[in-house]
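Here's the structure, in structure tokens; my notes come after.
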Amino acid sequence: HTRAGPSLLLRFKFLLLLQKPYPPRIAGRRSSTPRKSSTVEGYSRQRASGGTVGEEVGFGAGMEAQATATVKEALAALYHHPDDTIRTAADRWLQKFQHTLDAWQVADSLLHDESSNLETLMFCSQTLRSKVQRDFEELPSEAFRPLQDSLYGLLKKFNKGPPKVRTQICIAIAALAVHVPVEDWGGGGIVNWLGDEMKSQQEFIPSFLELLIILPQ
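In this note's numbering, the protein residues as written are 92 to 308.
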């Protein structure tokens with residue numbers, strides 16, 4: 092028998108990894124009742140610590156690190172692996188991951204991570220945008236403020252680009268405005284809130300203007 096080379100063994104190992112549903116604890120049928128998870132608890136505790144959402148991990152830092160590393164590996168495979176089978180498996184895994192509850196946490200964490208490359212930023216900004224648009228009911232009402240603060244911080248972070256990432260953040264904020272009461276934006280709604288921010292933080296005008304354009308859409 093001839094022994095499989097390292098590249099072949101790596102291929103089989105990676106295929107097995109990508110074909111496993113992530114994460115096992117929420118891989119079953121999703122309940123129609125919103126549930127408070129470790130991710131949501133992280134949103135709630137984040138405000139007290141002053142960190143990003145991803146820094147408060149109820150299910151353990153090791154779990155977050157593993158999930159984050161797997162997302163990065165899958166993205167690298169999707170965009171750079173020469174094998175079509177590997178790329179297809181990576182794409183399938185990433186699409187499934189976007190529907191998990193933990194996608195909130197991992198996407199937020201990687202967007203705040205200064206070492207994230209463009210591919211990671213694009214995937215995570217699209218993921219966070221889709222979660223706000225499609226899965227906002229997963230979060231309890233008390234998660235609104237930390238989520239708003241995180242998205243606002245990302246809007247300012249990507250003020251100078253990449254433009255496509257900034258656009259996804261703008262869409263996420265606009266979607267958030269649909270889900271929450273007007274008074275949660277300071278009493279005057281998001282437009283008045285945005286006007287006040289433009290007056291006080293003029294260096295972020297490009298981001299604010301794009302958000303203002305996206306809001307009516």
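All residues carry an ideal CB built from backbone N, CA and C; glycine is no exception. All values reported here derive from a predicted model rather than from experimental measurement.
Exercise. From this set, Thr179, His172 and Leu202, which residue's C-alpha is nearest Thr159's C-alpha?
Worked result: Your numbering for residue 159 matches position 68 in the sequence shown. Of Thr179, His172 and Leu202, the residue nearest in Cα terms is Leu202.
Problem set entry | Selected residue, minimal CA-CA separation from Leu267, among Lys248, Gln224, Tyr170 and Glu233 | Reading the sequence shown from its first residue, position 176 is the one you call residue 267. The shortest C-alpha separation from Leu267 is found at Gln224.
Problem set entry | Spatial neighbours of Phe227 in its chain, beta-carbon cut-off 8 Å, leaving aside the 5 residues before and after | The residue you call residue 227 lines up with position 136 of the sequence shown. So the qualifying residues of the chain are Ala266, Leu267 and His270.
For this session: Just mark Thr161 as buried or exposed, buried being the case when its beta carbon has 16 or more other beta carbons within 10 Å.
Result: Against the sequence shown, residue 161 aligns to sequence position 70. The residue in question, Thr161, is buried, as its Cβ has 16 or more Cβ neighbours within 10 Å.
Exercise. Start and end of the alpha helix (DSSP H) containing Thr218?
Worked result: In the sequence shown, counting from the first residue as 1, residue 218 sits at position 127. It spans Leu209 to Arg225 - the alpha helix (DSSP H) in which Thr218 sits, taken as one unbroken run.
Exercise. Going by alpha carbons, who is nearest to Gln217 out of Phe299, Ser291, Glu155 and Val197?
Worked result: Sequence index remark: in the sequence shown, residue 217 carries index 126 (1-based). Ranking the options by Cα distance to Gln217, first place goes to Val197.
Exercise. Straight-line CA distance for Gln308 to Leu302?
Worked result: If you number the sequence shown from 1, residue 308 lands on position 217. If you number the sequence shown from 1, residue 302 lands on position 211. Cα to Cα, the separation comes out at about 10 Å.
Exercise. What do you reckon, are the CB atoms on Ser200 and Arg257 nearer than 8 Å?
Worked result: Indexing the sequence shown from 1 puts residue 200 at position 109. Indexing the sequence shown from 1 puts residue 257 at position 166. By the CB criterion at 8 Å, Ser200 and Arg257 fall outside the cutoff.
Problem set entry | Straight-line gap, Phe295 to Lys187 (C-alpha atoms, nearest Å) | Residue 295 sits at position 204 when you count from the first residue of the sequence shown. Residue 187 sits at position 96 when you count from the first residue of the sequence shown. Phe295 and Lys187 have their C-alpha atoms spaced approximately 34 Å apart.
Exercise. If you draw a straight line from the alpha carbon of Gly277 to that of Ser232, how long is it in whole angstroms?
Worked result: Here residue 277 corresponds to residue number 186 of the sequence shown, with the count starting at 1. Here residue 232 corresponds to residue number 141 of the sequence shown, with the count starting at 1. One C-alpha to the other measures close to 16 Å.
For this session: Run through the region 254–304 for me and flag every whole alpha helix (DSSP H) of 4 or more residues, listed as ranges in chain order.
Result: For the region 254–304, whole alpha helix (DSSP H) runs of length 4 or above, ordered along the chain, are 254–270 and 280–291.
For this session: Under 7 Å Cβ to Cβ from Gln239, same chain only, skipping five residues before and after it: list those, please.
Result: Taking the first residue of the sequence shown as position 1, residue 239 is located at position 148. Leu267.
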